[in-house]
Structures are given as structure tokens and as C-alpha cells.
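A quick write-up on the structure given underneath.
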Amino acid sequence: MAGIDDGGAAAQLVQKLIICGVAEEQTHQEGLLMYLEEHKDKIPEITAAILSAGTDLMESPKKDEDGSRSSTNAYSESLLWLQWMMFGKNPDAMLHDMELSSEDDRAVCGTVWGQNGVAYRCRTCESDPTCVICVPCFQNGNHKDHDYSILETGGGCCDCGDATAWKPQGFCTRHKGAEQIKPLTEELASSVGPVLDELLLFWKERICIPREKADDCKKRVAQELTISIADMLLRFCACSESLLSFVSQRIHESPGLLDALMRAERILDKKVVNKLHELLLKLIAEPAFKCEFAKVFIQYYPVAFSEVIKGGNDNVLEEYPLIPAFSVQIFTVPTLTTRLVREHNLLGTLLECLTALFLSCVGEDGRLQTSKWVNLYDASFKLLEDARYVLRHEEVSTYVASERPDLTSSWVKLLLLVQGMDPHKRVTSIPAEGENENLSAPFMLGHYLGIIQNLLLKGALSSPGQQESTNVTACSTATKGMESAKNQRLAKVGRVSHENSVCTLSDSSSEIPSPAACLIRQCLKAIGSWLELTGDLGVKVNEGSQLDNVADYYELIGPPIQESGNMLLIGQGGMPQVGNITGRGKMQETSSVVTLTGGNLLYAHPHSGTDELGLFSKTAMKKCFGEDAKTEECSVVQSNEFFSQVLGGCEPYAFASVVMEHPLRVRVFCAQVRAGMWRKNGDAAILSAEWYRSVQWFEQGLESDLFLLQCCGALSSPEFFMRTIQERFGLSDYTSLDLTQQNEYESVLIQDMLTFIVQLVKERRFCGCSIADNLKRELIYKLAVGDATHSQIVRSLPHDLSSREQFEDVLDSVAVCSDPSGKKKGKYVLREAFWKELDLYHPRWSPRELQIAKERYYRFCKVSALGAQLPQWTHVFSPLRSISKIATSKAVLQIVRAVLFYAVYTDASSVSRAPSNVLVTGLHLLSLALDICEAESQISADQYGMDLLQHDDESWVVLSSDAEEAFPILTYSTELVSPESDKLKKDSMLTLLVSLMHKEKNGSTFSGCNIPSLAESLLQRFAKLSKQCMSAVRQMAPQVLPSIPDHASAKQNLGSPDSTGKRRCEAAIMAKMGAEQSKPAESIKSSGNEGRDVPAFEPDAPKSTAVETRPVCSLCQDSDSKSPLCCLIRLQVIILFS
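FYI, the UniProt record's numbering numbers position 655 of the sequence shown as 655, with every residue one higher than the one before it.
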């Protein structure tokens, strides 16, 4: 018999038993067991009486000698008696026997650790990145050749044996899985069950008290009882998994107990809460308990966050440690999370909380106030992190994409709340005082929103093969099933409105999923609504644009966003098909448009609406045209149909006009910062511009916006698109050919604009390069600035590339690693051959990095990078091929022509509007345009079965008049324009190039770049591409073009043995040409001369009257043409017919 303490607890307990009818001689443990054998119906009464003894002791006014109330082990004696009642014998002996019987056969480890513990993560065995196991389990398992690491824990429990978190083959030798847990014997269950049920009921009653009514006495009772019961149950769980399973079942079956245990953290001390959480972490190792616990947990989740929001401070979240401790344990289990999302609206709960939080921080202007929001910074990211856990599961994302488009709509509306937060207003008078301490907060928020958007877009693009019908309703609220989907899609807002927003794809063969099509329309509505709220669409749009005014705009995207109670409602208007809408006005400048004058208001952090469109377009284009694209997908989604399928009924020019605004303004903002226009704002503007281009914000930063602008450029008229860029940069007057500089910032802005145009046309990060190509490009970019260690290289890469399997192979091919010596680590050095692939127009270059790279290039290659590494036109995904028209547009020609004009006519003593750095960049842009002309001409030649004609080892591209007209930069290269000053003569692009070549002949260079040589090579390329240009160049600078051999030498060369293959090739060419010449030469010549303008520099060649008897050129039908190509062709005719 266990001894009875003479203290108050034992005396109180005996008195309670006597009152319940137990004889005094039976008021010990064995005697009580004998009494209960005959009076089983008295078990509830006896249990309550024993527990009330401890409560009476806690509530008694008796104090210790030091004046404090005695609360040490007040319930220990009561719980000891209850354990005797449960097991029918000494509990210590019983638990010891149970522990010995299950020592070598455990199902789940469940070891709970606190802060700063040590655990192992094995990427080979884990089911989720949050899963870890304790050190003993790792050592007792087989992880040979696995990818594992040691980490420091911040709480949680060991996942060994939990099949939902750890792969069975990774279990240690002691833990076999939860399915191995054996149930408690019926005899023991019938003995433990009734007593345990009464104990749990008593526990619930003592902790289930409202916070406002919880006085000190009630709190002490709740705390003492909780810590005593938790200790007892933890001992049960440690001794026997069968007992753990039984206890967990009784707890979740006890009505209201789980809810009471969760809410108890508001009245319990931190030490007691930690003990309670330790018990709950042990119990959730049992799958059934985890499921029931999770259901109650998501009901408690909004209760906790409502208190946090009401308090308006992250410190309140610390009073609810259950949320961060258990959300990761629940939301990372795929099967459980899917069930919670489908049956208990888990996502809706998370979104309600996030919406309420954002709404609590919205100011009078309807924008999220950063000064308020940063006080709830941690709470916001906790919600976003939990949403990320939920949406990472494939089945969850499938369900949301297929059956819950209302959540997607709510997510887009939620994004409107964060638009326009923390605006930067340009200071033009008194410099700003103090710095913005919260500058990085919007970037971090955008980063997390971007992660969730990625999950959302994957789900939207991977919905099941549900687009089989002719007209698919993309956003119906009907249930469609989730059996065959693939990835994820997200939604974000609290109480969503049940709008029947219907979006239909009329193309029955479309591979663009209908949820994705609907998402595009919702994004467009959101962007338009936000721009309307800022006043930016309350203006007329550039002449030639597709949005005439606000009324026209809302015919496309519906009315702006409205707030109704705590719910944000986007206009019900759909996105009808729109025909050709032409604008009649000119874009007016407003306070939020980035221009050179006025106080500018700019939102320098990423725009979530345009980010979502950019992510969607990237994912869709990669799916349809990337290196992993399936052949059947490419055949269904034709390149010329891609944007029409993506945009559905949206008019493409209208789409481009609206979507391009924000990313273009941010790009202008960065240029203005570099020019010094924002220096009075302090470091805030500089840091914003730096972060925007950094790899850390890659998903929603510079490169993603550049891709979105490429899409807009492909959909827009090249002339309108370029005029818009010019206006946003504040350089509309640059092409006026006025030698007077407008302002001190102009030269920096024009160089940034030219660089931006080059990047816009040639960038292939998301639209042409394979993963290996992108890796190589990034590695060259990093190593061109300086040698780097392996870890430095990994940190410098975008996240989507640093984790690729090809990384190590590409790194070894691009660089060689130097051996470490002493304390110096081994560094990778760029191989000499790859310096030739240096990209001077990588979007993330800073001025300092670019200068270092150019200097190192010269050191290794002995030539200037500016003269050798000219931008080139490369393969691009088919939907974006039309961006080539931007570089060859008349607008670009006018800009480059203005740069050449200022460079030629500005005196050395004057400030030039086109300094050397601007001139070189302009020449690079011109070179890229000519590269496009050559590439497109080659494609045309291949289509018509023509080869490039060779002459003196130079490729001469023969263009028809129609082909030349397809490139405005060729058509208008000889156009004469009048400058502002009457003292200057009229000039064309070609005359300016010739003048530049002669002016700079005296050895003028910029950063080692030979400008005259570069101008000369451009003139040669012009001549090769166009008969008109060749005639002009030959007249102005005949020394630029290579000499033409005479007929005799040509005959000799053609008769040599080495030229046999050439003769065959040339004969085949002539045969093809002859087949096309069905009309008489005279009629073709006469018809060709009708209505043709005489070129400005056409040489005066004598006309022959004996055309019939002389060989005629098959191309121009002129027997007296001085063109070297015509000479060759006439020579071929003579040889063939002789």
C-alpha cells in the first residue's frame, strides 16, 4: 500500500471519499479498488470527489509561512489515486511492465525538442522540407549516399515512423510506422476508460473559462491541474504507444475538450503552455487524433488572429504560440490538408484572416499604410507561409484550380489592397529628413505574394483535360472533380462573393486551361481598377493607342473596385471582345506618371497584378514552347495563336497599353535614380532601385518585368510602343535635332533608354534560352566581374537555376577551379573561350560591375568589349518574334539618327546631347537592328529556296523591294531630314554615319572601342542589305565597299578546279531564278519603274539602247546596272548561254 501523506491533500481526499460512502478502513488505494469492484456505478462520483480535493486545496485561503499560497503538487495525490483506479494495481509497476513489452517495437518516435536542439534533415527521405528526425533515429537508420544535413531546431518533434512526413525506407530500426501500433487490451481499456473520461471532463471544466472572468484563483487551478495531467499523460505516452493511442482517442472524443485546450493558452503561463504543447505534439503522432485536432485547430485559427488584428501588434501573436507551433505540423501533411481544404474550407479561413489584417491597415486613401502594416509584419508572413504550405500539395492546388475559381477571384481582389503601398514622391525642393526604416517591407511582401502567385498559376495552367468541349466555362461555381489535375492555383481573400463571372474560350482545341484564361481577365480588371484609383487612366492615351478614354477602358475591363463592408468587390462586367479601338488623344502627364518634371509619385516596389500576368505568361509560354514542351502541345497551341488564346476576347493593343504602364514606370524610375533626379529623397530611392534589379527579388523584379514588357511589345504597334517609351522617359523632344541640351539628366536617361530597348529586343531569359544556356549566361555574368568561390556563385544565381541538376556540369564547362592554398579557398576562373560570350546587356549589370567586366575583358582578350561584343538577334519563342519589329521600326531609326546627328555636329567645346557612351549604345542598337534584318532576310531566302550569294568572302543578302519595305530602318535610312538650325544641311542616317566615320578618323575611341571602324562596318551591312543603301554608300564613301572583280578574273576563277562546286551552286540558283522570270524583261522593267521613287543617292548610269542583245540581270532587269551583284548575275548568264 502506498503511504498517505499527512499533508492537506491526503486529508482532504479521505474526507471526500468518506462523504461518497467509502468506509474509513477502505480509504487507501487497495481498499478503494475493493470498494469499486462492488460499486462500479460509483466510479464517476468517486473520480470527481478525488479531483475536487485538489481544487479545494488550491482555493483554500491557507497560506505558507512566507505568505504565499501553497500550490505545489496540489493535484499530484489526486492523480495518483486515479491511476490506481485506472490500472487496478500499482501504476508504477504497470507502466514499467508496459514499457518493457514495447521497448523494441515502437511505431513512431515523436521526440519533442525545444529551441536550439539538433536534428537531421534528409532530402532523400523527407516528404516535405519541414520534416526532420532526431539524432538517434538518424544514426539507427540507413542514410548512406543520401542528401542530408544537420540543422538547429526551433521546436517540433521527430518525424521518424510518421509515413505522412517520412518515407518508410528512411525509418530507423526502432520505428516501424503508425500502422504498427497495437490497440489496448479490452480489459485494460474498460478499466482506464471510465476514469480517464471523468478526468478529462473535469479538466475541461476547469480550463474552459472566459478570459475576462478568469481571476487569479481560477487561473492557479487551471495551471496546476493542466501541468499535473500533462505530466501524467506524457508518462503514459512514453511507456506505451498503445496507451498513447487510447489516450488520444479519448481526448478527441471528449466533447469540447480540444477546443478548450487550444483556448487555454490565453489564461495559462508560458511554462504550462509549453508542457501542454509537448503533450499535444506527442498525441498528433496518432493519425486519427491529428485529423480531429486539425479540424478544431482551423476553427481556432481565426479566433487567434482576430485578437492579433484587434491588438494591432505582432506582440499579441506571442500570446498564441499554438498557431506557429502546430500549423506546420498540420498543413504539411498532403492527405490531411486536402481533406481540410475540401471539407472545412481551410483556404477560406486563411484568406479571411489575411484580408481582415490588410483591411485593418488600409488608410483613408484606400491603400495599405506601411506604417500600420509593419506592426503586423510577422502575423502577415505567418499567414502567407501557412498558405504556401497548403498550396504546395498537388491535390490541393488541383482542387482550387478546378473547383474553386471564386478563390482565385478573391485573391486578385486582395492584391488590390497592397497596390500603391509605400509610394515614393520625388522631392524637388528641401531634401527629405530621416530615412524610411520600412523600405524593405514592401519588397518582402511582394516576394511572398510572388511565391503564392507561382503556386496559383501552376494550378491554373495544369488543370485537368477539361477543355474538351467547344465552349468551356472557365469560372463557373459548379463542382467539377479533381481526379486528374497537376499543380496548384491559389486564392486569397476572406469572404468571397459568389459571382458568376464567366469566361469562355471559343477555341475548342485550346491547350490554355480555362481557369488560366479566366485568371487573365481577373488580373486585367484588377490592374485597371488600381490604375483608375490612382488617376492614371483618367487621361487620354497616346495617339494610336487602343484605349481612348476611361469609358472605352471600362468597356473592356468593367467598373473599378468597390468596397462593401469588409468585402472587396470587383465590377461584375466581363471582358467582351473588342474590335479595333483607336485613340484620338495624346497621353497627358499626371502626378503619378514618371516624367522629367514635376513632383513624381511612384510605387517602386513590384506590382502584384502585373507580376501575376508576367508569371502566367512565362509559365504558359514555357509549357507550350520551352525545351520540355510536348510536341502535341506545340502543335495545338500555334505560335500565331498563343496570345489570342491567352487573352481570349481581350483586344491585344488594349492589353499592352494597360499592362505595360507599371513595369515601364519602374524602369524609368531606376533610370532617373541613376541620373540623380531622386538624390534629395535620400537613400530610399537608391536602395529601391538596387533591390529591384537584385537577384533576391528575381521572381517579381527587373527581369520578370522585362519579359512582361516583351509580351506587350509583341502585341503592340512598334511605333506606338516606342513613342510610349520615349514619353515615359521624358525624351519626346530628343528627336527634334536641336543641338541645345534640354537638361542635365538627359544624357543618362537617353543611354538608359537605348540600353532598355536593346535588352527588350535581345533578352531571352524566359523566352528562348534553355536551362543550360541560362546557367552559362549567369555564370559568365558572375565570373566576368571577378573570380568566385563555389558558395559565392551559388548565392549569386537566381533560385530557379541554383537548384538545377545541370549546374555542376555547366560550371565545370564554363570555368576552371584554382587549387586552394593556405587559408585561401579555391576559386573558379572563367575559361578564355567564354569571354567571347560576355553579354554587355545583361539586365542586372550595375555601372560599376559593367565597367569591371569590360576592363577584365580587355585584359584577357586584348580588344574592347564594346567593339567586339555587339548585341545579336537570337532564337526567341515564336509568339515573341514580332519584338524584332521594335528595333527595325522608324521610331528607333529616328532616335538613333538623332544620336548620330548630335555626335556629328556638336563642337568639342559644347556639351553634346550624345556623348560617347550614348553614341556607342546607339550604334549597338543599330547593329542589333541590322542583325535582325539579316536574320529575317535569311529566313525569307530559305523559304523561297534562295541561298546567300558569295562575293569576296562576304555574305550579300539580296532583298526585293517588298522585303526592303518590311524594315523601316532600311527604307528610311536614306531619308533626308531638316534640323532645327537652318545653318545645317539635311542629313540621312547613312550620311550621318559617313560623317561620323570621317569625323572620328583621327583615332577617337571610347573605352577602347574604335568608333570609326564600327561606323564603317555598319555602312557595309547597310549596303549588303539594300540596293538603295548600296547605291548611297557607293556614292558617298566608295572605299567602304569591297572591290568588284572584272569579268576576266571572274571567268578564270569560275574555270578553276576549286570553283566547280561554286559553279554548280550558282547554276542551281540561276535555274531557280529563271523559273520565276515568266514575263519579258521589258514588260517587267517598265512595270517596275512605274510609281517608283528615285533614291536620293542613285548614281547616274548611262542607259543603253541595245538591251535586247545584251545579257539582262534577272533581278533588276537592267543590263547596265553597276551593282556588283548584277555584274555577277550577268556573268553567270553569259557562261550559261555560251
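We put the beta carbon where it would ideally sit given N, CA and C, even for glycine.
In the DSSP assignment, Gly713 falls within the unbroken alpha helix (DSSP H) covering 702-715. When C-beta atoms of the segment 178-193 are compared with those of the segment 78-88, three or more pairs fall below 8 Å, so the two segments count as touching.
Within the segment 707-793, the complete alpha helix (DSSP H) segments at least 4 residues long are 718-728, 746-762, 771-785, listed from N- to C-terminus.
Counting C-beta atoms within 10 angstroms of its own C-beta, Gly867 has 16 or more neighbours from the protein chains shown and is therefore classed as buried. About 19 Å separates the Cβ atoms of Phe877 and Met660, ruling out a contact at the 8 Å cut-off.
A distance below 8 Å separates the beta carbons of Trp678 and Ala685.
Pairing Ala887 with Leu928 gives a Cβ-Cβ distance under 8 Å. Per DSSP, the continuous alpha helix (DSSP H) segment holding Ala654 begins and ends at 652-659. Within the same chain, Cβ atoms closer than 7 Å to the Cβ of Ile227 are found at Val272, Lys275, the five residues on either side in sequence being excluded. Residue burial is scored here from C-beta neighbours: Ala1023 has at least 16 other C-beta atoms within 10 angstroms and is therefore classed as buried.
Going by beta carbons, Cys217 and Ala260 fall outside the 8 Å limit.
In the DSSP assignment, Asp987 is bridged to Val977.
Taken in chain order, the unbroken stretches of alpha helix (DSSP H) that lie wholly in the segment 186-254 and span 4 residues or more are 186-207, 216-239, 241-253.
Sequence-distant partners of Leu13 (beyond 5 residues in either direction) whose C-beta falls short of 7 Å from its own C-beta, in its chain, are Ile50, Ala53, Glu77, Ser78, Trp81. Nearest neighbour of Gly170 by Cα position, chosen from Ile181, Tyr148, Leu188, turns out to be Tyr148.
Comparing C-alpha distances from Glu286 to each of Val22, Met34, Phe246, Ala517 shows the shortest one belongs to Phe246.
Taken through DSSP and simplified to helix, strand or coil, Asn681 comes out as helix. Contact between Leu340 and Ala294 holds: their C-beta atoms lie close to 6 Å from each other, under 8 Å.
DSSP, read as helix, strand or coil, puts Trp873 in coil. With fewer than 16 other Cβ atoms from the protein chains shown falling within 10 Å of its own Cβ, Val118 counts as exposed. In terms of Cα proximity to Ser909, the closest of Val892, Leu739, Ser791 is Leu739. Where Gly311 is concerned, there is no enclosing beta strand (DSSP E), although the alpha helix (DSSP H) around it starts and stops at 287-311. Residue environment analysis places Ile725 among the buried positions, since at least 16 neighbouring C-beta atoms fall within 10 angstroms of its C-beta.
For Thr398, the secondary structure class from DSSP, reduced to helix, strand or coil, is helix.
Under the three-state reduction of DSSP, Thr921 is assigned to helix. For Val362, same chain residues with a beta-carbon under 8 Å away, outside a window of 5 residues either side, are Leu368, Gln369, Leu417 in chain order. Minimum Cα-Cα distance from Leu354 among the listed residues Glu385, Cys237, Lys836, Arg831 corresponds to Glu385.
Using a C-beta cut-off of 8 Å, the segment 760-769 makes no contact with the segment 1009-1024, since fewer than three inter-stretch Cβ pairs fall below that distance. Contact between Lys167 and Cys125 holds, since their C-beta atoms are separated by about 5 Å, short of 8 Å. In the DSSP annotation of this structure, the continuous segment of the beta strand (DSSP E) that includes Thr153 starts and ends at 148-154. Counted as a single uninterrupted DSSP element, the stretch harbouring Ala1023 is not any beta strand (DSSP E) but the alpha helix (DSSP H) occupying residues 1011-1025.
The DSSP assignment places 884-887, 890-905, 916-943 as complete runs of the alpha helix (DSSP H) inside the segment 878-945, in order along the chain (cut-off: 4 residues). Between Gln869 and Leu838, the CB-CB gap stays under 8 Å.
Ranking Ala11, Gly626, Leu923 by CA distance to the CA of Pro879 puts Gly626 first. Nearest neighbour of Ser846 by Cα position, chosen from Tyr857, Val785, Asp819, turns out to be Val785. For Asn142, there is no enclosing beta strand (DSSP E), as DSSP marks it with neither H nor E.
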